């Protein structure tokens, strides 16, 4: 029973082209679901006055990309969390907190609750992140030949990071007197989300609490925080670019070259970055290892605690980033902007084939999951189906997609059939 | 009280109607692959019938067919002369056939009583559980079977051996006439295994048929009336235990003669001390699990660590590796350098590798490939800017597969689908890839078959010859005789004594491990 026997056996058994196609079809069934949905959309789409298919028009397709961008960015963060067998219920609230802070920074002058929170938060997060990054690069450069080099000193990296963080805070503080510009918002609001996510992660790791409980508490707490910062329960901060906010903020809602929506670009960029990170770097391997068997990962010398905290921090940061894009598209920030968002994100992740048990899944699957939801609601809207029916269909799609994903659909129908037959 | 006596009556009934099961020409195939062929076998009440065979021999399949988990492809099952077909385990249960799986199936946060009575709770008014009666019934049953367990303890707080007793009690209360036990002693220490075997013998005397699966040869001879050996899906033979010898059985199992012999060592251990431990004391929640443990490990030496379950073997290895955090005092010197390991990462940096006793629980990512598992400890160390090339990864995995002769289709073979022995080789390969100078092995041969065990003993010898030092912890005493140059025996967290190779014997080791009893 040697190795070579087994290998040549598997080679001999290498299937015919038909079989190979079938297995390929099985592996890519998620994408085929999307294709079927697109074909269905094209067939049922109403025609415009010129006789063009509305669903397939470039305008409609890029608009779908814009519509899914907020949920999509949040879902990418959720995917990472679910990789490590966690869950983050607080993404909706953190996103809403992001919209409130973003809108207030854009429209309110002086030291408001929003700026008093976001400026220090930005300083702290930038300091930690930049110090860690420089330290990482340093340690990687030295470890070319030696298996165990002495760890480089942390002092230079911390000094550089401190300088950058202080300069940034000073730059932000200068803008507080007037109103924040686009860059300032894009830097400081995600940092607020990262702070919230880090709190999640730290409580889970050091408090040894269930992610469900911690993020449930954060979901409630961040909603309250958003309301406190907004100043009143039902506060809505409208953002009128050109009158109460800088004109450039319109960039975030514009169409690039008249075609590509900028929020969609943000989504695609986030997707690409985290696809590369999870697919090709050790960070991705760590997350899947932690989700697959945290104790085995720990014993292999992987820093489970740090990676867990970083994951929740990323989920929080991406949620707040999505909040900025929400403000850009809806021209307002409000504490209840993210209601139900966490469930949409979880649904997209699960439809994308990522296991809620952790350790198994892919970012690209989440992309498809997000698109399936986007296409579905677009098709239903084009056909004038009311939003409540849409919810029912959405629920059914989730179950169907997961049955398909797990390859249980035949099993399921078989069981139903035999039950019905048996009880006749 | 009436409930109790009716239970007792049921039990008497079971004794009076001894089961006879006759399997004729049982076979099983999955699509085109035949995993079991032409098994013809009788099992009768009152006998202990041991099934032996290497992994993949068909024991599990046979047991699954008997207990209704899987249907057979060919052949018939007769019980008490009546032909039966089992659709599911419940059908088999109704015939008095109960299986105790290798992995325990108890509910940790329920009490002993609740677990014993699970699924047959006495009711009040047809709806509510009669808690008092449940407790009394369970208590009476445990007493009747002669198990000294407190019914109010949570199963979580029991030791593995005690949990096994709860499982047996549950099976007996289900009116078992044929009890199937799949490696019940694999997680037990010698003493606990002795107690368990006492219980099993008792059951047989009461008329229960016991089908017993075990890899432990000494135990097989201690307990069995008859032994059936399977190999590659074929029934090789059934003999009276009294008529055969361990060597014969092994020959039947592997098709050639294999004797567990002391591993030949080409290079004797040198005198360089690579690991020196002085007065190591560690505690868990205020309880001292290690007390003033001192030892020296030489380069290229295999040092055994014996002792009963809970004596501190695992704790010692984990503390040295850094897996138990910093709650320990004493001096640890590795290659002459004082260290205080507090995380596994430090352990790896110190040149240590820990192969844990529970490869499924904390050794492997079961639904990942061999390649992904092998490189896991390398990722934090050998990646450049966070990237570890696929090419290097596969090369590492290839090396592990070739060196350790893992039977797999390739580096992408999912680890969960390998046999226990091959899984253990992957764990070893994963840690050898870190090029450790000291290997910490905790029960490296648990639950794997004799052929694979032998290979692992040989491997340990080869590694030691190459200058790697090994701490070898085990609960199976004969293993020490096979591989260790020297050993220490722990008892209650203390070093009870040290034995040179010449002093090692089953008796001396047993004596030392029960020194403080």
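Chains as they are written, first to last, in our numbering: chain U, 1 to 424; chain W, 1001 to 1517. A virtual CB, placed ideally from N, CA and C, is assigned to each residue, including glycine. Model, not experiment: these values are computed from the prediction.
Query	Result
Residues in the stretch 288 to 312 of chain U having any Cβ partner in chain W nearer than 8 Å	288, 289, 292, 293, 295, 296, 297, 298, 299, 300, 301, 302 and 303
Backbone secondary structure at residue 430(U) - three-state DSSP	Beyond the ends of chain U as shown, which are 1 and 424, falls residue 430(U); an answer cannot be given.
Own chain partners of residue 140(U) with C-beta closer than 6 Å, once the 5 adjacent residues on each side are dropped	none
Beta strand (DSSP E) runs wholly inside the stretch 1320 to 1350 of chain W, at least 3 long, in chain order	1328 to 1334 and 1337 to 1339
Residue 1362(W) versus residue 105(U): straight-line alpha-carbon distance, rounded	48 Å
Chain W within 8 Å of residue 6(U), Cβ atoms only	The predicted position of residue 6(U) is uncertain, since its pLDDT is 39 and thus under 50; no value can be drawn from it.
Cross-chain neighbours of residue 1368(W) in chain U, by beta carbon under 7 Å	292
Inter-residue spacing [alpha-carbon to alpha-carbon] between residue 26(U) and residue 405(U)	9 Å
Nearest neighbour of residue 308(U), chosen from 420(U), 191(U) and 77(U) [CA to CA]	77(U)
CB contact check: residue 280(U) to chain W, cutoff 8 Å	yes
Interface flag, residue 20(U) vs chain W, CB-CB below 8 Å	no
Runs of alpha helix (DSSP H) wholly within the stretch 1388 to 1459 of chain W (minimum 4 residues, chain order)	1390 to 1404 and 1420 to 1432
Closest residue to residue 1063(W) among 1190(W), 1051(W) and 1034(W) (Cα-Cα distance)	1051(W)
Residue 1489(W) - containing beta strand (DSSP E), residue span	1486 to 1491
Three CB pairs or more closer than 8 Å across the stretch 341 to 349 of chain U and the stretch 226 to 240 of chain U	no
Short CB-CB distance (under 8 Å) between residue 1354(W) and chain U	yes
Cβ neighbours of residue 1442(W) in the same chain (closer than 6 Å, five flanking residues each side left out)	1314, 1317, 1356, 1357 and 1473
Three-way DSSP call (helix, strand, coil) for residue 1045(W) in this model	coil
Residues that residue 1067(W) contacts on chain U, provided the C-beta gap is smaller than 9 Å	In chain order: nothing, as chain U lies at least about 22 Å away.
Outcome for residue 1326(W) when other beta-carbon atoms lying within 10 angstroms are tallied against a minimum of 16	exposed
Residue nearest to residue 1200(W) in terms of C-alpha spacing, selected from 1191(W), 1215(W), 1218(W) and 1224(W)	1224(W)
Residues of its chain near residue 371(U), where Cβ-Cβ distance is below 8 Å and the 5 sequence neighbours each way are ignored	34, 64 and 68
Per-residue contacts from residue 504(U) into chain W (C-beta, under 7 Å)	Nothing about residue 504(U) can be reported from this structure: the residues present for chain U run from 1 to 424 only.
Residue 1304(W) burial status per 10 Å Cβ neighbour count (16 or more: buried)	buried
Beta-carbon neighbours of residue 1363(W), restricted to chain U and to distances below 8 Å	296 and 299
Nearest-angstrom Cα separation, counted from residue 1402(W) out to residue 1494(W)	40 Å
Chain U within 8 Å of residue 1007(W), Cβ atoms only	Model confidence at residue 1007(W) stands at a pLDDT of 47, short of 50, so the residue's coordinates are unreliable; what they give is reported in the following sentence. Answer no: the Cβ-Cβ gap between residue 1007(W) and chain U never drops below 8 Å.
Where residue 50(U) sits in the DSSP three-state scheme	coil
Closest residue to residue 133(U) among 158(U), 120(U) and 60(U) (Cα-Cα distance)	158(U)
Contacts that residue 1384(W) makes with chain U (C-beta to C-beta distance below 7 Å)	140
Alpha carbon of residue 1515(W) to alpha carbon of residue 1491(W), nearest angstrom	7 Å
Opposing strand residues paired with residue 1028(W) [DSSP bridges]	1036(W)
Pairwise C-alpha distance: residue 1084(W) and residue 1020(W)	12 Å
Cβ distance (whole Å) where residue 83(U) is taken to contact residue 287(U) below 8 Å	4 Å
Helix, strand or coil at residue 71(U) [DSSP, three-state]	helix
Where residue 1050(W) sits in the DSSP three-state scheme	strand
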